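Asks:
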Amino acid sequence: MKHNREQINDFWQQVEQTIDLLLHSQQESHFEADMLLNQYSDILREIDSNLTFHFERDEDEGPVEMIFGCDGYPESIGMVLSLVGAAPKLSGIQFKAFNHRYDPVPGFINVGDEYCELTDYWFALRLVDAKLRLEVYMDDVPKELDLDPRVEAVMIFLDALIGEYELMTRIWSLDWLERPADPRDYGLRPLSELREVFDRNKTAVAPIGMTMH
């Protein structure tokens, strides 16, 4: 643990020394941005191989947000919280743990060359043995989930709808199934309604991890 604390301190020292250059380089499309991003990634991987980060800003207004996550691995949640808890206070940038809910939820997402609409996906949220099981229904479910940009798009939609932290700690399993011709005949609901259904049911389960099938 002492080793992790030292690595976390080293990471934040690097950020303090370079964040202004990074943000300027990103705005000006200079090569320093990629170099610094790679440096950040290398240090984070040494702390925990699951750590991730990205930057967000609302239409060039307000501070830049540097958001840290753990790529859906619940065992690394504590490390994300420790990392962000040790963050320095810097002008013009905020450090946050995990992707939070979005309002409004985006109606579509472009992942690579794939245009993904929220209306393309349906869901069922089932409480089984005091565990929440989420089923996502889509056309042509891929055999290799990690290789399909639509799966990445759905994960972004899920973060926007219920938040990355609650997705990891309240949903026991996430299954991907073929969408039937008439989803409502099978009791399915549009993915856009997930937040409402999830918030009604989340207090019925204790915080847990998530496995993907």
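Going by our numbering, the sequence shown opens with residue 375, and the numbers climb by one from there. For glycine and all other residues, C-beta sits at the position ideal for the given N, C-alpha and C. Quick caveat, the model's predicted, so the values are computed rather than measured.
Considering only residues of the region 459 to 546, which uninterrupted alpha helix (DSSP H) runs meet the minimum length of 4 residues and lie entirely inside it, listed in chain order?
Replies: Segments of the alpha helix (DSSP H) lying fully in the region 459 to 546: 523 to 536, 538 to 544.
Asks: At the level of alpha carbons, what is the spacing between Val579 and Pro564?
Replies: Those two C-alpha atoms are separated by around 23 angstroms.
Asks: Determine whether the beta carbon atoms of Glu488 and Val515 lie at a separation below 9 angstroms.
Replies: Taking 9 angstroms as the Cβ cut-off, Glu488 and Val515 do not qualify as a contacting pair.
Asks: Between which two residues does the beta strand (DSSP E) harbouring Glu430 extend?
Replies: Where Glu430 is concerned, the enclosing beta strand (DSSP E) stretches over 426 to 432.
Asks: Under three-state DSSP, which class holds Pro557?
Replies: Correct three-state label for Pro557: helix.
Asks: Grab the span of the alpha helix (DSSP H) containing Val571 for me, first residue to last.
Replies: Per DSSP, Val571 belongs to the alpha helix (DSSP H) from 568 to 575.
Asks: Buried or exposed: Arg544, going by 16 or more other Cβ atoms within 10 Å of its Cβ?
Replies: Classification of Arg544: buried, given that the 10 Å Cβ count is 16 or more.
Asks: I need the boundaries of the alpha helix (DSSP H) containing Leu562, first residue and last residue.
Replies: Run containing Leu562: none; DSSP gives neither H nor E here.
Asks: Whole-angstrom Cβ separation of Val479 and Ala534, contact assumed at under 8 angstroms?
Replies: The pair is a contact, with the Cβ atoms about 5 angstroms apart (cut-off 8 angstroms).
Asks: Could you check the C-alpha separation between His587 and Leu548 for me, to the nearest Å?
Replies: In this prediction, His587 has a pLDDT of 47, which is less than 50 and means its spatial position is unreliable; what the coordinates show is noted afterwards. Cα-Cα distance, rounded: 6 angstroms.
Asks: Considering only residues of the same chain and omitting the five flanking positions on each side of Asn575, which have a CB-CB separation below 8 angstroms?
Replies: Counting only Cβ-Cβ distances below 8 angstroms, and skipping sequence neighbours, we find Leu499, Leu501, Leu506.
Asks: Where does His581 sit, in a helix, a strand or coil, going by DSSP?
Replies: Checking the displayed sequence, the identity of residue 581 turns out to be Pro instead of His. In the structure shown, Pro581 sits in coil (DSSP, three-state: anything other than H, G, I, E or B).
Asks: Just to confirm the assignment, what range does the alpha helix (DSSP H) spanning Lys414 have?
Replies: Reading off the sequence shown, one finds Tyr at residue 414, where the question assumed Lys. Where Tyr414 is concerned, the enclosing alpha helix (DSSP H) stretches over 406 to 421.
Asks: Spatial neighbours of Met512 within its chain, please: C-beta separation below 6 angstroms, excluding the five flanking residues on both sides.
Replies: Here the set comprises Tyr495, Arg553.
Asks: Distance check for Phe429 and Val458, CA to CA, integer angstroms please.
Replies: About 14 angstroms.
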